[in-house]
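*Asks:* Residue numbers (the UniProt record's numbering), protein chains in the order written: chain C, 1 to 119; chain S, 1 to 119.
Handing you this structure, nothing more for now.
Protein chains: 2
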Amino acid sequence: MTSTDNKVGYSPKSVRPACSAEQAEAALRMLEGRWKLVIIFRLFERPVARLSELQRAIPAVTQKMLIQQLRALEQDGIVTRTVHAQVPPKVEYGLTDLGEALAPVFEHLLSWAARNPGR
Amino acid sequence: MTSTDNKVGYSPKSVRPACSAEQAEAALRMLEGRWKLVIIFRLFERPVARLSELQRAIPAVTQKMLIQQLRALEQDGIVTRTVHAQVPPKVEYGLTDLGEALAPVFEHLLSWAARNPGR
DNA sequence: CCGCATCCGCGACGATACTG
DNA sequence: CAGTATCGTCGCGGATGCGG
Chain C
1 MTSTDNKVGY SPKSVRPACS AEQAEAALRM LEGRWKLVII FRLFERPVAR
51 LSELQRAIPA VTQKMLIQQL RALEQDGIVT RTVHAQVPPK VEYGLTDLGE
101 ALAPVFEHLL SWAARNPGR
Chain S
1 MTSTDNKVGY SPKSVRPACS AEQAEAALRM LEGRWKLVII FRLFERPVAR
51 LSELQRAIPA VTQKMLIQQL RALEQDGIVT RTVHAQVPPK VEYGLTDLGE
101 ALAPVFEHLL SWAARNPGR
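Set out below in structure tokens:
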């Protein structure tokens, strides 16, 4: 894929929709937000993570935003939230099937990240 | 810090990093924002688009945000901006090689969008 | 100690009107 | 047609408090 002659004959769309524009924008809405993609990315490398673990894995995020975005992701059926009623409290987060279905997206996103200059 | 404990043994569903976490988060930063992904998505189906065309394609976005996000994407080397000095003014936007490299990401993202319930 | 909610301040974002 | 200016709203960061 290193050849640049791929641009020749670039008349049609290089990305096939595969879904309606409304579905696409709806999907983008549930992935937008300052930390959602980062959270999902971390949940891929640690499928069952406590809140404190996610905090340690993503030091830049505040606890408030972490909880807030996790709840939103839970509402959208992307992450699971399991509360263990005990002392000290223990809440574990994970990915649903829908969340794990994002794996190929992240794989290509990460290879793209490795490709770009970073700026 | 980057030497995170490699507690392997996870199921094969995990995503292979393929790049550093810093690169990943840097990449996510340049794709975050309310409309950037939608704009890129539209630029895939219309590789050379004027501002008014993008406005028509994305009715929900305001002109201010459209220009603002396009400038940010241009700064990050994802979209190109071509000004034609004439009357009436004509400015065309397109994808750079880096932007077009996002194609596989969008393909999987769109198939994921078609899969999820939408909500 | 861990998970979570609340109050405050700022910057991103939405809506409208205006300029070249 | 492309872009700017202005104002109001809301997402987000920071700090604090509270229950288990």
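Quick reminder that beta carbons are idealized off the backbone N, C-alpha and C, glycines included.
Can you tell me where the alpha helix (DSSP H) holding C:Glu107 begins and where it ends?
*Replies:* Segment Ala103 to Arg115, the alpha helix (DSSP H) holding C:Glu107.
*Asks:* Less than 8 Å between the beta carbons of S:Thr80 and S:Thr96, yes or no?
*Replies:* It is a contact, given that the beta carbons lie within the stated cut-off.
*Asks:* Evaluate contact between the stretch 60-68 of chain C and the stretch 96-110 of chain C, counting only Cβ atoms and requiring at least three cross-stretch pairs below 8 Å.
*Replies:* Touching, no.
*Asks:* When DSSP builds the beta bridges, which residues end up paired with C:Ala49?
*Replies:* DSSP lists C:Tyr93 as partners of C:Ala49.
*Asks:* Please work out which residues of its chain come closer than 7 Å, Cβ to Cβ, to S:Gly77, disregarding the five sequence neighbours upstream and downstream, and give them in chain order.
*Replies:* Cβ neighbours of S:Gly77 beyond the five flanking positions: Thr96 and Leu98.
*Asks:* Could you tell me which of C:Glu45, C:Val15, C:Ala24 and C:Phe44 sits nearest to S:Arg46, measuring between CA atoms?
*Replies:* Nearest option by C-alpha distance: C:Val15.
*Asks:* Between which two residues does the alpha helix (DSSP H) carrying C:Arg29 extend?
*Replies:* Per DSSP, C:Arg29 belongs to the alpha helix (DSSP H) from Ala21 to Leu31.
*Asks:* Below 8 Å CB to CB, which residues in the same chain sit around S:Trp35 once its five sequence neighbours on both sides are set aside?
*Replies:* Ile58, Val61, Met65, Leu66 and Gln69.
*Asks:* Could you compute how far the alpha carbon of S:Leu43 sits from the alpha carbon of C:His84?
*Replies:* Distance between the alpha carbons of S:Leu43 and C:His84: 46 Å.
*Asks:* Indicate the three-state DSSP secondary structure (helix, strand or coil) for S:Arg81 in the structure shown.
*Replies:* The answer is strand: DSSP assigns S:Arg81 an E or B state.
*Asks:* Rounded to whole angstroms, what is the Cα-Cα separation between C:Ile39 and S:Trp112?
*Replies:* So the two alpha carbons sit approximately 18 Å from each other.
*Asks:* Given a threshold of 16 other Cβ atoms within 10 Å of its Cβ, counted over all protein chains shown, does S:Gln86 qualify as buried or as exposed?
*Replies:* Flag for S:Gln86 reads exposed.
*Asks:* What in chain C is Cβ-close to S:Leu37, meaning under 7 Å?
*Replies:* Leu28, listed in chain order.
*Asks:* So, for C:Cys19: in the same chain, excluding its five sequence neighbours on each side, which residues have a beta-carbon less than 7 Å away from its beta-carbon?
*Replies:* Closer than 7 Å at Cβ, skipping near neighbours: no residue.
*Asks:* Between which two residues does the alpha helix (DSSP H) carrying C:Gln67 extend?
*Replies:* First, the residue type needs correcting, since residue 67 of chain C is Ile and not Gln in the sequence shown. Segment Gln63 to Gln75, the alpha helix (DSSP H) holding C:Ile67.
*Asks:* So, with DSSP's three-state summary, where would you put residue 125 of chain S?
*Replies:* With chain S covering only 1 through 119, there is no way to say anything about residue 125 of chain S.
*Asks:* Excluding the 5 residues preceding and the 5 following residue 148 of chain C in the sequence, name in chain order all residues of the same chain whose CB lies nearer than 8 Å to its CB.
*Replies:* Residue 148 of chain C lies beyond the range of chain C shown here (1 to 119); nothing can be said about it.
*Asks:* Give, in chain order, every residue of the stretch 97-112 of chain S whose Cβ lies closer than 9 Å to some Cβ of chain C.
*Replies:* Hits within the stretch, in order: Asp97, Leu98, Glu100, Ala101, Leu102, Ala103, Pro104, Val105, Phe106, Glu107, His108, Leu109, Leu110, Ser111 and Trp112.
*Asks:* Mind reading off the beta-carbon distance from C:Ala24 to S:Asn116? Whole number of angstroms is fine, and I expect it under 8 Å.
*Replies:* Not quite, the Cβ-Cβ distance comes to about 11 Å (not below 8 Å), so this is no contact.
*Asks:* Output, in chain order, the set of chain S residues within a Cβ distance shorter than 7 Å of C:Ala24.
*Replies:* Phe41, Leu110 and Ala113, listed in chain order.
*Asks:* How would you label S:Glu105, buried or exposed, when you count the other beta carbons within 10 angstroms and need 16 or more for buried?
*Replies:* The sequence shown places Val at residue 105 of chain S, rather than the Glu named in the question. Label assigned to S:Val105: buried.
*Asks:* Between S:Leu37 and S:Gly94, what straight-line distance do the alpha-carbon atoms span, to the nearest angstrom?
*Replies:* If you take the alpha carbons of S:Leu37 and S:Gly94, they lie about 14 Å apart.
*Asks:* Between S:Leu110 and C:Pro17, is the Cβ-Cβ spacing less than 8 Å?
*Replies:* Contact: yes.
*Asks:* Output, in sequence order along the chain, the residues in the stretch 43-74 of chain C whose CB is closer than 7 Å to any CB in chain S.
*Replies:* Listed in sequence order: Phe44, Glu45 and Pro47.
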